[in-house]
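Q: My structure is below; once you've seen it, I'll send some questions.
Numbering (the UniProt record's numbering), first residue to last: 1 to 79.
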């Protein structure tokens with residue numbers, strides 16, 4: 001399984017990022033729409049549990065897995 005980190009900006013660290021947007025920005029999905037389909041079809045796991053909420057908020061410390069890829073979400077640094 002391919003693994004990489006995704007760094008949330010300091011401002012986004014508290015509010016998180018929508019799951020479909022994370023899938024798009026990490027290249028797992030070609031578009032936000034495809035990211036929504038992956039979630040709706042049950043192809044995405046967050047912290048080891050299937051996540052079907054397309055716009056679930058993903059925050060620092062969470063791990064997202066989809067299509068053989070693993071993304072560890074971390075908080076960015078100020079400045």
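Heads up, the beta-carbon is just placed ideally off N, CA and C, and yes, glycines get one too.
Beta-carbon within less than 7 Å of residue 7's beta-carbon, same chain only, minus the 5 sequence neighbours each way: which residues are those?
A: Excluding positions up to five away in sequence, the list reads 74 and 76.
Q: How about residue 46 and residue 60: do their beta carbons lie closer than 9 Å?
A: Their beta carbons are not under 9 Å apart, which means residue 46 does not touch residue 60 by this criterion.
Q: Buried or exposed for residue 5, please, with buried defined as at least 16 other CB atoms from any protein chain shown within 10 angstroms of its CB.
A: By the 10 Å Cβ count, residue 5 comes out exposed.
Q: To the nearest angstrom, how far is the alpha carbon of residue 66 from that of residue 28?
A: One C-alpha to the other measures close to 7 Å.
Q: Would you mind listing the beta strand (DSSP E) stretches within the region 34–66 that are 3+ residues and don't spill past its ends, in chain order?
A: Complete beta strand (DSSP E) runs here, min 3: 44–46 and 63–66.
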